[in-house]
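2 protein chains.
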Amino acid sequence: MTVTGRVRVEFGPGGEHQFVEPGTLVVEAAAHAGIELQTPCGGKGKCGQCRVVTASTDGLTPPDEIELASLSAEDLAHGARLACRARIIGPARLTIPAGSRLTASAILEAGLVEGVPPQPNVHRVELDVPKPSLADQRADLRRIVAGLDGGLAGCEADLELLRELPSRLRNADFRPVAVTLGNRLVDLRGAGELPQTYGCAVDIGTTTVVAYLVALESGRVLGTGSAPNPQGAHGADVVSRVEFAGQAPAGLPTLHDESVSIVNRVIAEACHEAGAALGDVYEVTVVGNTCMTHLFLGLDPHYIARAPYIPVVDQPLRVSAAELGVRVNPRGEVYVLPNIAGWVGADTVGVLLSTRLADSAGPTLAIDIGTNGEVMLWSGEKVLVCSTAAGPAFEGAQIRHGMRAAAGAIDHVHATEQGAAVRTIAHAPAVGICGSGLLDAVAALLDLGVVNAAGLMADEAGAAGLPAAVGARLGGEGQDRHFVLATAEESGLHEAVVLTQRDIRQLQLAKGAIRAGIEVLLAETGLKATDLERILLAGAFGSYIDRGSAVRIGLVPTLPLARINPVGNAAGAGAVLALASKAERERATRLAEAAVHVELSSRPDFQMLFMETMMLQSG
Amino acid sequence: MTVTGRVRVEFGPGGEHQFVEPGTLVVEAAAHAGIELQTPCGGKGKCGQCRVVTASTDGLTPPDEIELASLSAEDLAHGARLACRARIIGPARLTIPAGSRLTASAILEAGLVEGVPPQPNVHRVELDVPKPSLADQRADLRRIVAGLDGGLAGCEADLELLRELPSRLRNADFRPVAVTLGNRLVDLRGAGELPQTYGCAVDIGTTTVVAYLVALESGRVLGTGSAPNPQGAHGADVVSRVEFAGQAPAGLPTLHDESVSIVNRVIAEACHEAGAALGDVYEVTVVGNTCMTHLFLGLDPHYIARAPYIPVVDQPLRVSAAELGVRVNPRGEVYVLPNIAGWVGADTVGVLLSTRLADSAGPTLAIDIGTNGEVMLWSGEKVLVCSTAAGPAFEGAQIRHGMRAAAGAIDHVHATEQGAAVRTIAHAPAVGICGSGLLDAVAALLDLGVVNAAGLMADEAGAAGLPAAVGARLGGEGQDRHFVLATAEESGLHEAVVLTQRDIRQLQLAKGAIRAGIEVLLAETGLKATDLERILLAGAFGSYIDRGSAVRIGLVPTLPLARINPVGNAAGAGAVLALASKAERERATRLAEAAVHVELSSRPDFQMLFMETMMLQSG
């Protein structure tokens, strides 16, 4: 299949391919193929991190001055190019080194952590323990520990393991496999019983819980598991959960149990996928918003939900897996990453960690849109963060035909002369609209003149000025005025799938909240939107949306689309990094401590700003 | 009541008094009154640590050259004297500064730790926590920790406490009392709810378990509890306990449960005596021989009991009190002091710690005689330790009329023209003989010529050569030949209380084992018995025995009696020190690591030496 005028470009090692207009930048072509590249310098050719390798130079523009300055003659001779400078001019095959991929994608899609050497907190050591004699009367523990690098600091010990130590050591005929976790000896197995140790990184989302199984010696992601958060039954948003938690006596225990249960389920699923035994999983890292991690730990979120929004704890926590009820190795541990504030949680810290936001060359914005919208700004000197009450509109809640991104969801809309063309997930008949479709639909309606910048749908009089095919799709009155995206005949429902005036207001509230947060952070640093070199979009929503539509409605500041990069589940990727490397874990704590939290609710100018940012306009 | 020729000497602040022969050294007079003074220099007037204060100089010899050199003119003017130089010549009243007492006695009898500033692992801090506001959104834990010295290192937290933190903090109206244990926050109480924090030092003896309740802020001992070790039902000695532990499935769990139960009982008793609540006890330190601490922890002692005598662990252990079942504050911890080898336990480390053996000026021997006999030798450069299989003879086991030191036990015997005069505990009719009585009895029979150095009782022929009154007390044949200590009429039994040939053999075995251990350690360092400056006798037995008798039968090397010092329960005192001060705890670990363990069973010369040391002769 070819498309007239376009050229085919294929990317190795994965084999993704795409047809692009000649003249397209490699970085953009890659993005169209779903591959996000590292461009911390904002595509200026300064950092050299978006390097790709071409087998033949025919399909690309010749190296420009910046590439010639940035790449060595040898690299050039081997086909190295910068994806932010080279443009596609003919059919091309390009290889993308893992190190050039954005971290979160590289971690979770390519399944490895490039540039982060594994430095797990768990160590597996095959020992040859000297047998006791009258000339060597050392205690069992001491003779085992002598074979471990650096011995064991401190004097903590797991009593249950010590109780089995003499028999385990002798059953293994003094050639056991020892497992340490931090400075604790946590396991002793027979030779060959434990070829590999595992950890699990868990992202507890308000809506979805995901687990990544990691082989600790390599840092590779070998399996994933995910499931809806069952707490959703008590309310889609965080505040409803907190209210439910406050219902004595069973509220908090119920939410806690549900959280632990679902974490156990996704861990088991990830282990099953990888063929790993639960007992070989020794550590679990956890991210999530502050309320989600509190509920997981059984901590009271009461004071998070009301001003001044105080969490019980913001430091990282190490907790016994058994004490918490997490079913991995019974001597395993759970490490919950630090949070920054009551509404800026460990998930945001995970994003800061995996995106390397604070290593960006110039001002960079990161936005994680889930049930809430956390905004992070690297000013070039410091990271500012805030939480915006975006609400769950982007997840389909409170939208007439809103739904999750599942089969039959309208996920893309674009303006046509006939009104709007829609695409549905799995090409199924439309049954609703998901977040990315909502964004596209509003952008298309703006383009069509059906909706104005204030978010108002054309009334009867206005409809008359529209092309007939477009105007015919309008109907209803007031908040129920609507635009038909799929007719009753086209849809998989017995009715039309529509976008209502009320839906647009919901989108404006969500969009306005996020954009107001962006503007506040920019104002705090004295930066303007035009100073931004890049915008990173974290989370599932950020990966699926059409960036053009996001700019069109003003959800994010106007930037060339190649500099607006979806980074996937960056929060989960942060949990993987913290699992794979103690240095990354310490880095996460430093990032959390250094981040400047800006509390929007205490700013007198916020409401005024919010009114402005609800406007549907780019800028 | 006066005694002709003797003079009265009274000691402050306790008011103990004694009648002594004129010319008696003050240090000896004090010892007769039950007060053991510090004489690390061996009574040479070098160290000045045995300082006492006299109200009037009339009762003492004038200061000699050594005292004049050692004490300042001002000290002398205030009545200071050296107890190892000054002699009693008339009625005297002397005050003994607490610092002059031997440490173990000072700790456990005077109830304080002189010269050891309290440096507990538990801290109680009255906080005034800033209330949250939009300008101060720190997490509850962080704002509490900010008020603690040095904050909290690491990220360990007690989940149960965190779960109650928000309500506890607010119930205390942000003025709580915080308790930290190491780097963990373990409690948060309302103001005034916790005036004082406590700890408990526990000595788990094979025969008796003792607890000392310590006020952690002052380091003072406020209460004690003691009870027989209920494991005694499964055998008096350690080896029987290990054998019982090996009886699957209930052996080890039974012994473990009994150990924890009795520890709970003595802790509760000590708390009751001091009026302290169990919930206000945050830390428990434990000493005991290696098998006893293993059983307390539920660790398998199987490999301790047979060559090459390997314990599971020799390092100090920190264990959750709740996990172990120790009923103090549920977030409290148990700290088990390190052991040195399978048969040289944390109790020996406690003795090394509290006696300051390794700070002695010259070669010093310490002996802890319990169910086993541990021998420690400070050579001037290092500490050597060994364990001797003394057996429980000194505790009355395997002796025809042997018994514990209780009412009616013959505890002192001395030779008279009529045979032997006995003293019983509580002046009750004799019903048996305890360890100190056994030692005295054999010494007296040696003096009377009833028993020879080989331990053989005079036969019919030999008895004929004895004074008639003495010979008349002999009877029986072979191993049953015996000497009557109390006739059937004198005794509280329906029969005579006797000492048999078999009893003497048992004593010889016990005495020989200990003395052989002493000789091996001396040989290891190239020292001779005459090089010793002091001998410290630890444990209850060491406190009660007549030192003259111990020298007479050769249990210990011949030294002037003033240089043979009972030091009381030095093991328990070590547990108190480790509780009162982290520096002491670290010192204990260093002492355990530095001690050179000499394994007697692997020495080819041991049996030969043992045969010699079984001889009943001083030297």
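Read top to bottom, the protein sequences are chains B and Y.
For what it's worth, my numbering labels the leading residue of the first sequence as 36, then goes sequentially.
For what it's worth, my numbering labels the leading residue of the second sequence as 36, then goes sequentially.
Just so you know, even glycine gets a beta-carbon here, dropped at the ideal spot from N, CA and C.
If you're wondering where the values come from, they're calculated on a predicted model, not measured in any experiment.
Endpoints, alpha helix (DSSP H) assigned at residue i
i	result
Y:H67	V61 to H67
B:C82	Careful: B:C82 lies outside any alpha helix (DSSP H) and carries neither H nor E.
Y:D99	Careful: Y:D99 lies outside any alpha helix (DSSP H) and carries neither H nor E.
Y:Q660	In the structure displayed, chain Y extends from 36 to 654; residue 660 of chain Y sits before or after that span and is not available.
Y:T390	A381 to T390
Y:T451	Element bounds for Y:T451: not the alpha helix (DSSP H) but the beta strand (DSSP E), A444 to T451.
Y:E252	Looking at the DSSP string, Y:E252 is not in any alpha helix (DSSP H), and its letter there is neither H nor E.
B:Q536	Q536 to T560
Y:S471	G470 to L483
Y:L334	Taken as a continuous stretch (DSSP letters only), Y:L334 belongs to no alpha helix (DSSP H), as it is neither H nor E.
B:A613	A605 to A615
B:E495	E495 to A499
Outcome for residue i when other beta-carbon atoms lying within 10 angstroms are tallied against a minimum of 16
i	result
B:V38	Residue confidence for B:V38 is low, a pLDDT of 46 falling below 50, so the modelled location carries little weight; the figure read from the coordinates is stated next. So B:V38 ends up on the exposed side.
Y:P263	exposed
B:K563	exposed
Y:A521	buried
Y:D175	buried
B:R362	buried
Y:G405	buried
Y:G189	Unreliable positioning characterises Y:G189 in this predicted model, as indicated by a pLDDT of 46, which lies under 50. A coordinate reading is not provided.
B:G603	buried
Y:T565	exposed
B:T451	exposed
B:G50	exposed
B:L60	buried
Y:Q514	exposed
Y:Q453	exposed
Closer than 8 Å at the beta carbon, the chain B residues around residue i
i	result
Y:A342	L169
Y:D175	Y338, I345, P346, V347 and V348
Y:H632	Q172
Extent of the continuous beta strand (DSSP E) to which residue i belongs
i	result
Y:Y344	Note, Y:Y344: premise wrong, no beta strand (DSSP E); not H, not E.
B:S261	R255 to P263
Y:S355	L352 to S355
B:A213	V212 to L216
B:R120	Here B:R120 belongs to no beta strand (DSSP E), and DSSP marks it neither H nor E.
B:A573	R569 to A573
CB contact check: residue i to chain D, cutoff 9 Å
i	result
Y:H517	In the structure shown, chain D cannot be found, because the protein chains are B and Y.
Listed by chain order, chain Y residues near residue i by CB distance under 7 Å
i	result
B:L377	Rather than Leu, the amino acid found at residue 377 of chain B in this sequence is Gly. Those are Q172, listed as they occur along chain Y.
B:P201	D335, H337, Y338 and V347
Proximal chain Y residues relative to residue i, where beta-carbon distance stays under 8 Å
i	result
B:S636	L169
B:R128	What B:R128 touches in chain Y: nothing, since even the nearest Cβ is about 48 Å away.
Within chain Y, the residues that residue i reaches when beta carbons sit closer than 9 Å
i	result
B:L332	L194, L197 and R198
When you check each C-beta in the stretch 152 to 172 of chain Y against every C-beta of chain B, which residues fall closer than 7 Å? Residues of the stretch 152 to 172 of chain Y that bring their beta carbon within less than 7 Å of a beta carbon in chain B comprise P167, S168, L169 and Q172, in sequence order.
Under 9 Å, CB to CB, which of the residues in the stretch 340 to 368 of chain B have a partner in chain Y? Considering only beta carbons, the part of the stretch 340 to 368 of chain B lying closer than 9 Å to chain Y consists of A342, P343, Y344, I345, P346, V347, V348, D349, Q350, P351, L352, R353, V354, S355, E358 and L359, in chain order.
What are the uninterrupted segments assigned as alpha helix (DSSP H) that are 4 or more residues long and contained completely in the stretch 259 to 329 of chain B, given in chain order? If you keep only unbroken alpha helix (DSSP H) runs of at least 4 residues inside the stretch 259 to 329 of chain B, you get 273 to 280 and 286 to 309.
Chain-ordered residues of the stretch 207 to 232 of chain Y with a beta carbon less than 8 Å from chain B: none
Can you check the stretch 157 to 199 of chain B for any beta strand (DSSP E) of at least 3 residues that lies completely inside it and give the ranges in chain order? 157 to 161
Which residues, taken in chain order from the stretch 265 to 294 of chain Y, show a beta carbon closer than 7 Å to some beta carbon of chain B? From the stretch 265 to 294 of chain Y, no residue has a Cβ closer than 7 Å to chain B.
Using a Cβ-Cβ cut-off of less than 9 Å, list which residues of the stretch 382 to 397 of chain B approach chain Y; keep chain order. none
Residues of the stretch 455 to 468 of chain Y in Cβ contact with chain B at a cutoff of 7 Å, in chain order, please. none
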